[in-house]
Amino acid sequence: MSSRAVWERVRARVQRFPELLASCGEQATVYGKCIASNTTEHGNLKKDVCAKEFAMLMDCFTEAVSCLHFVFHFTWLTFHLGSG
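Counting from 0, one number per residue, gives the positions in the sequence shown under numbering that gives the first Met the number 0.
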């Protein structure tokens with residue numbers, strides 16, 4: 000695989016990030032509020048203080064990515080195998 004092809008795949012994934020974030024808005028808000036409320040005036044944050052909220056956000060992202068992955072492969076298969 001050429002470096003151009005690799006770069007195009009990476010760019011396509013990065014461009015989907017806003018869509019993923021939008022589908023996990025509730026979890027992102029909860030995590031952000033946890034971070035904001037637990038950050039000291041000096042910008043310090045204790046390790047793992049928002050671990051539960053972060054795990055929920057990551058679960059949402061993982062689910063969103065797996066759905067996009069499925070849609071991509073289904074579309075690819077339909078295009079390449081369905082037109083034969």
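Note that CB positions come from ideal geometry on N, CA and C, so glycine has one too.
Name the two residues that bound the continuous alpha helix (DSSP H) containing Val29. The count along the sequence shown starts at 1 and reaches residue 29 at position 30. That run of the alpha helix (DSSP H) goes Gly24 to Asn37.
Could you tell me if Gln14 is buried or exposed, where buried requires 16 or more neighbouring beta carbons within 10 angstroms of its beta carbon? Reading the sequence shown from its first residue, position 15 is the one you call residue 14. Under this definition Gln14 is an exposed residue.
In this structure, how does DSSP classify Val13 when only helix, strand and coil are distinguished? Translated into the one-based positions of the sequence shown, residue 13 becomes position 14. The answer is helix: DSSP assigns Val13 an H, G or I state.
Would Leu44 be called buried (16 or more neighbouring beta carbons within 10 Å of its own) or exposed? Here the question's residue 44 lines up with position 45 in the sequence shown. Per the 10 Å Cβ criterion, exposed.
Does DSSP put Phe45 in a helix, in a strand, or in coil? Position 46 of the sequence shown, counted from the first residue, corresponds to residue 45. Before going on, a small fix: residue 45 reads as Lys here, not Phe. In the structure shown, Lys45 sits in coil (DSSP, three-state: anything other than H, G, I, E or B).
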